[in-house]
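Q: Sequences listed follow chains A and B, in order.
Reading the first sequence from the start, the letters are residues 1025 to 1290 in my numbering.
Reading the second sequence from the start, the letters are residues 35 to 403 in my numbering.
Ideal placement from N, C-alpha and C gives every residue a C-beta, glycine not left out.
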Amino acid sequence: MKIIVCVKQVPDTSGKVAVNPDGTLNRASMQTITNPDDMNAVEAALKMKDATGCKVIVVTMGPPPAAGMLRELMAMGADEGVLVSAREFGGSDTYATSQILAAAIDTIGVEKDDIVMCGRQAIDGDTAQVGPQIAEKLGLPQVTYAADIQKDGSTVTVKRMLEDGYMTIKAQTPCLLTCIKELNNPRYMSIGGIYATYNKPLETFDYEKLKDHRLIDATTIGLKGSPTNIFKSFTPPQKGAGMMLEGADKATCEQLAGILAKKHII
Amino acid sequence: MSNFNSADIAAFKDVWVFCEQREGKLMPTDFELISKGRDLANELGVNVCGLLLGGKGIESAAKELGGYGADKVYVCEDEKLAVYNTDAYAKVICDVIEELKPEAFLIGATNIGRDLAPRCAARLHTGLCADCTHLDIDVANYIQFLRESSTLDVDGQKWDMEDRNLKMTRPAFGGHLMATIICPRFRPCMATVRPGVMKKNAFDQAKADACVIEKPAFTLSDADIHTEVTEVVKAAKKLVDLIGADFIVSVGRGISKDVEGGIKLAEELAAELGGVVGGSRATIDSGWLSADHQVGQTGKTVHPKVYIALGISGAIQHKAGMQDSECIIAVNKNDTAPIFEIADYGICGDLFKVTPMLTEAIRAAKAAK
Ligand SMILES: Cc1cc2nc3c(=O)[nH]c(=O)nc-3n(C[C@H](O)[C@H](O)[C@H](O)COP(=O)(O)OP(=O)(O)OC[C@H]3O[C@@H](n4cnc5c(N)ncnc54)[C@H](O)[C@@H]3O)c2cc1C
Ligand SMILES: Cc1cc2nc3c(=O)[nH]c(=O)nc-3n(C[C@H](O)[C@H](O)[C@H](O)COP(=O)(O)OP(=O)(O)OC[C@H]3O[C@@H](n4cnc5c(N)ncnc54)[C@H](O)[C@@H]3O)c2cc1C
């Protein structure tokens, strides 16, 4: 049994986000972190490893420096890392990204007992689409928004969150789960783990390695192969210095409620 | 090059809306999306159709969608569709779409919509825009939208006024960036749409009566379904989930002259917004609220859509936990309180007077929508 976890390196959007004058993000000014939901996915996998001794493989698609993130995750306890990296893969939308990641996962091999895990959503692209799309491309059942995962033999029982409650869903392995922060508290790297990480295998899958896979078609990957394109991007109107509403009466409150309604906040 | 049905874009027509139901009841987003779909369909000169899946008898819920603008509702009834299941829904929806070929397909960005839509888009080989907050067909309308909502120099750009692509605008990077996505080469063009954003039309009984119900043929067997929903549990009493809350109304030492009354006012405001009550450390240290309510450096860090601070001075340790909220509203009787420095909207006044008026004004504004 093994668990393959998809992890993405993302700019930390929780703090100050710098925007270039042309409306693009100034990525250089932001720290990169492992996508928070993916940390929960890794922790869930490591918990299963603690319990069963299964293997945990972390996979990322990104530029070469993303290998550093894989080393950190291996220092937490993951056994192997795979970096999927090629110029041909750049600019992919979620459809193309999922196709490439599915090809990489299939190349690693998904067996009867295995689970593929993703975060629910990456904090940069913010789409939450890659997990379900990988599942479709691999023909695996999916359970998203996992807040609790129990595995018993080949049956996985998941608490799947809804806005107003939850569902309990049973799936058979192999399957794909997307994880949310309610699932667990990710552990830290251990000293022993940091020593061990450089002896663990980290492989790079480049275009050559994946190009003959059935899912890799030059016309459906990368910027050109992506079904969606970014037509325009822009920054929302800057948060002003704030506005003091005059008076503290009924009219003031109505003015405020009107603003909130107009902005679709209420 | 691969050949996809979805690439034959001239064969696709009409705007479709996935109409989500839970326990046989339509979701509010369905009406919002039908209303928006109506506008888009008018711009394109086509029909807007609902797609409603559910158990036996779900057809009876369909006509109501007509009242908000649907010309037609496609209804798929099967006991296996009574409760949402990814495999069953994706199978039926993709089969029906491949057969009937809508050009645009909108889905509410609920926890269910965001599970279903990407699965379908991947199967149909088409593009999907996530969690949209704005949709346009007409370029003139889109330009007007950019004028109001961006700093782009729209006059300095060339526009193809004949462009008929659906322009789907969405926030990314935690709301720091907006992107307009198009899907020019494949159909249907798909989008999940954030609940609560699109305005719903006034209900029109005559249109509801005129709405056509059609039941497309589909097949669905147990072999198509690989997961089993064993229970659906509705949340009982809401725990104080500050981190997950979209709306937080926090109280501070400013409630000291009537602690119970102050908390009650905050609860009423929070209830009206569908949010929860939090507090500054002063309120926790005084024993007025339990520790799980604390916002700040040694409490919780929150990013709600709206954070309302009532009688909180805005100490640095408090700000640390709430300054990244999307919108901050502060009520404080002291106009130099530091909380006003980070507030989007400030009201200088007595929270005991202002809060009930604000609750009432919000109730009225929501009712007027
Ligand atoms: C401003 C902007 C808007 C965009 N809007 C859209 C859009 O509407 N539709 C669209 O199709 N594309 C869109 N994209 C492209 C999209 O962001 C990229 O395809 C991105 O690589 C994956 O999407 P995501 O970041 O939203 O990931 P999500 O789908 O949110 O990620 C979910 C999970 O999938 C896994 N995962 C995602 N990416 C990787 C990776 N590279 N390596 C390993 N695991 C991964 C992780 O486990 C992650 O937690 C947009 C891009 C930008 C910059
Ligand atoms: C190490 C450390 C960690 C801390 N961590 C936290 C933390 O996590 N969270 C936190 O909140 N604090 C924290 N604090 C405490 C912080 O420094 C402040 O003491 C605390 O936030 C003050 O709470 P307050 O704003 O409710 O009270 P005050 O500062 O006393 O402010 C009360 C405000 O109410 C206003 N007011 C009074 N009556 C009314 C009325 N009728 N109508 C309207 N306004 C009125 C006043 O003008 C005043 O601005 C920490 C402090 C330390 C040293």
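If you run the structure through DSSP and keep just helix, strand and coil, what is B/Phe252?
A: The residue labelled residue 252 of chain B in the question sits at position 218 within the second sequence. Correct three-state label for B/Phe252: coil.
Q: CB-CB under 6 Å to B/Leu323, same chain, minus the five flanking residues each way: which ones, in chain order?
A: Within the second sequence, residue 323 of chain B is the residue found at index 289, counting from 1. Excluding positions up to five away in sequence, the list reads Gly313, Thr317.
Q: Which stretch, first to last residue, makes up the beta strand (DSSP E) that contains B/Gln328?
A: Looking up residue 328 of chain B in the second sequence gives position 294. Looking at the DSSP string, B/Gln328 is not in any beta strand (DSSP E), and its letter there is neither H nor E.
Q: Give the secondary structure of A/Leu1201 by DSSP, where H, G and I count as helix, E and B as strand, and everything else as coil.
A: As a position in the first sequence, residue 1201 of chain A is number 177, starting the count at 1. Of the three classes helix, strand and coil, the one that applies to A/Leu1201 here is strand, per DSSP.
Q: Shortest alpha-carbon distance to B/Ser347 belongs to which of B/Ile247, B/Gly288, B/Leu392, B/Asp280?
A: Within the second sequence, the letter at position 313 stands for residue 347 of chain B. Nearest C-alpha to B/Ser347: B/Gly288.
Q: Would you call B/Ile350 buried or exposed, if buried means 16 or more other Cβ atoms sit within 10 Å of its Cβ?
A: Taking the second sequence and counting its residues from 1, one reaches residue 350 of chain B at position 316. B/Ile350 should be labelled exposed.
Q: Taking the Cβ atom as the reference point for each residue, do B/Ser284 and B/Ile342 lie within a distance shorter than 8 Å?
A: For the purposes of this step, residue 284 of chain B is taken as residue 250 along the second sequence, with counting starting at 1. For the purposes of this step, residue 342 of chain B is taken as residue 308 along the second sequence, with counting starting at 1. A contact, by the Cβ cut-off of 8 Å.
Q: Can you check which of these residues, A/Val1180, A/Pro1060, A/Leu1247, A/Leu1226, is closest to A/Glu1104 by C-alpha distance?
A: Counted from its first residue, the first sequence places residue 1104 of chain A at position 80. Per the Cα distances, A/Leu1226.
Q: To the nearest whole angstrom, what separates the beta carbons of B/Ala143 and B/Val227, a pair I think is in contact under 8 Å?
A: Walking along the second sequence from the start, residue 143 of chain B turns up at place 109. Walking along the second sequence from the start, residue 227 of chain B turns up at place 193. Yes, they are in contact, since the Cβ atoms of B/Ala143 and B/Val227 sit about 6 Å apart, within 8 Å.
Q: Which residues in chain B sit within 8 Å of A/Asp1117, going by Cβ to Cβ distance?
A: Start at 1 with the first residue of the first sequence, and residue 1117 of chain A comes out as number 93. Gly161, listed in chain order.
Q: Give, in chain order, every residue of the stretch 1183 to 1194 of chain A whose Cβ lies closer than 7 Å to some Cβ of chain B.
A: The residues in question are Met1185, Leu1186, Glu1187, Asp1188, Gly1189, Tyr1190, Met1191, Thr1192, Ile1193, Lys1194.
Q: Who are the Cβ neighbours of B/Ile141 in its own chain at under 6 Å, not counting the five residues just before and after it?
A: Taking the second sequence and counting its residues from 1, one reaches residue 141 of chain B at position 107. Counting only Cβ-Cβ distances below 6 Å, and skipping sequence neighbours, we find Phe52, Gly147, Ala151, Thr226.
Q: Please list, in chain order, all residues of the same chain as A/Asp1137 whose beta carbon is under 6 Å from its beta carbon, the five residues on each side excluded.
A: Taking the first residue of the first sequence as 1, we reach residue 1137 of chain A at position 113. The residues are Met1025, Thr1197.
Q: Run through the DSSP bridge pairs and tell me what B/Glu262 is partnered with.
A: Along the second sequence, one-based indexing puts residue 262 of chain B at 228. Answer is A/Lys1194, bridged to B/Glu262.
Q: For a contact meaning CB atoms closer than 9 Å, what does B/Met391 contact in chain A?
A: On the second sequence, position 357 is the one that residue 391 of chain B refers to. Those are Ala1272, Asp1273, Lys1274, Thr1276, Cys1277, Glu1278, listed as they occur along chain A.
Q: Check whether the Cβ atoms of B/Gly160 and B/Cys223 lie closer than 8 Å to each other.
A: Translated into the one-based positions of the second sequence, residue 160 of chain B becomes position 126. Translated into the one-based positions of the second sequence, residue 223 of chain B becomes position 189. First, the residue type needs correcting, since residue 160 of chain B is Thr and not Gly in the sequence shown. Going by C-beta atoms, B/Thr160 is nearer than 8 Å to B/Cys223.
Q: Is it the case that the CB of B/Lys367 approaches a heavy atom of ligand 2 more closely than 7 Å?
A: As a working mapping, residue 367 of chain B is identified with position 333 in the second sequence. For ligand 2, at least one heavy atom lies less than 7 Å from the Cβ of B/Lys367.
Q: Taking only heavy atoms of ligand 1 into account, decide whether any of them is closer than 7 Å to the Cβ of A/Lys1032.
A: Position 8 of the first sequence holds residue 1032 of chain A. Correct: A/Lys1032 has its Cβ closer than 7 Å to ligand 1.
Q: Could you tell me which chain B residues have their CB closer than 9 Å to the CB of A/Ala1281, listed as they occur along the chain?
A: Residue mapping note: residue 1281 of chain A aligns to position 257 of the first sequence, counting from 1. Result: Leu392, Glu394, Ala395, Ile396, Arg397, Ala398, Ala399, Lys400.
Q: Going by DSSP in three states, B/Phe46 sits in which element: helix, strand or coil?
A: Here residue 46 of chain B corresponds to residue number 12 of the second sequence, with the count starting at 1. Correct three-state label for B/Phe46: coil.
Q: So, using beta-carbon positions, are B/Val293 and B/Asn119 closer together than 8 Å?
A: Start at 1 with the first residue of the second sequence, and residue 293 of chain B comes out as number 259. Start at 1 with the first residue of the second sequence, and residue 119 of chain B comes out as number 85. Contact: no.
Q: Give a yes or no on whether 8 Å exceeds the smallest Cβ distance from A/Thr1058 to chain B.
A: Indexing the first sequence from 1 puts residue 1058 of chain A at position 34. No, its Cβ sits nowhere closer than 8 Å to a Cβ of chain B.
Q: Counting only Cβ-Cβ distances shorter than 8 Å, please list the residues of the stretch 1068 to 1091 of chain A near chain B, keeping chain order.
A: The stretch 1068 to 1091 of chain A vs chain B, Cβ under 8 Å: nothing.
Q: Please name the residue or residues paired with A/Pro1035 in a DSSP beta bridge.
A: For this step, residue 1035 of chain A is matched to residue 11 along the first sequence. Answer is A/Thr1056.
Q: Round the Cβ separation of A/Cys1277 and B/Met391 to the nearest angstrom and send it over; I've been treating them as touching at under 8 Å.
A: Position 253 of the first sequence, counting from 1, holds the residue named residue 1277 of chain A. Position 357 of the second sequence, counting from 1, holds the residue named residue 391 of chain B. Their Cβ separation, rounded to whole angstroms, is 4 Å, which keeps A/Cys1277 and B/Met391 in contact under 8 Å.
Q: Can A/Leu1201 be considered in contact with ligand 1, in the sense that its beta carbon sits closer than 7 Å to one or more heavy atoms?
A: Working through the first sequence from its first residue, we reach residue 1201 of chain A at position 177. Incorrect: A/Leu1201 has no Cβ contact closer than 7 Å to ligand 1.
Q: Identify which residue in A/Ala1042, A/Phe1113, A/Asp1061 has its Cα closest to the Cα of A/Ala1052.
A: Translated into the one-based positions of the first sequence, residue 1052 of chain A becomes position 28. Of the listed residues, the one whose Cα sits closest to A/Ala1052 is A/Ala1042.
Q: I need the DSSP call for B/Gly383, collapsed to helix, strand or coil.
A: On the second sequence, position 349 is the one that residue 383 of chain B refers to. In the structure shown, B/Gly383 sits in coil (DSSP, three-state: anything other than H, G, I, E or B).
Q: Please look up how many angstroms separate the CB atoms of B/Ala449 and B/Gly84, rounded, as I've assumed it's under 8 Å.
A: Residue 449 of chain B is absent from the structure shown; chain B starts at 35 and stops at 403.
Q: I want to check one thing, is the minimum distance from the CB of A/Asn1059 to the heavy atoms of ligand 1 below 7 Å?
A: Working through the first sequence from its first residue, we reach residue 1059 of chain A at position 35. Checking every heavy atom of ligand 1 against the Cβ of A/Asn1059, one is found closer than 7 Å.
Q: For the beta strand (DSSP E) containing A/Asn1253, name the first residue and the last one.
A: Locating residue 1253 of chain A in the first sequence gives position 229, counting from the first residue. Here the beta strand (DSSP E) through A/Asn1253 covers 1253 to 1258.
Q: Using the C-alpha atoms, what's the distance from B/Asp121 back to B/Asn81?
A: Counted from its first residue, the second sequence places residue 81 of chain B at position 47. Counted from its first residue, the second sequence places residue 121 of chain B at position 87. Their Cα atoms are separated by approximately 28 Å.
Q: Does the beta-carbon of B/His327, which I'm using as the reference point, lie nearer than 7 Å to any heavy atom of ligand 2?
A: If you number the second sequence from 1, residue 327 of chain B lands on position 293. No, the beta carbon of B/His327 sits no closer than 7 Å to any heavy atom of ligand 2.
Q: Where does A/Asp1176 sit, in a helix, a strand or coil, going by DSSP?
A: Against the first sequence, residue 1176 of chain A aligns to sequence position 152. Strand.
Q: I'd like the ranges of any beta strand (DSSP E) spanning at least 3 consecutive residues and lying wholly in the stretch 205 to 235 of chain B.
A: Fully enclosed beta strand (DSSP E) runs of 3 or longer: 211 to 216, 223 to 227.
Q: Where does B/Ser314 sit, in a helix, a strand or coil, going by DSSP?
A: On the second sequence, position 280 is the one that residue 314 of chain B refers to. In the structure shown, B/Ser314 sits in coil (DSSP, three-state: anything other than H, G, I, E or B).
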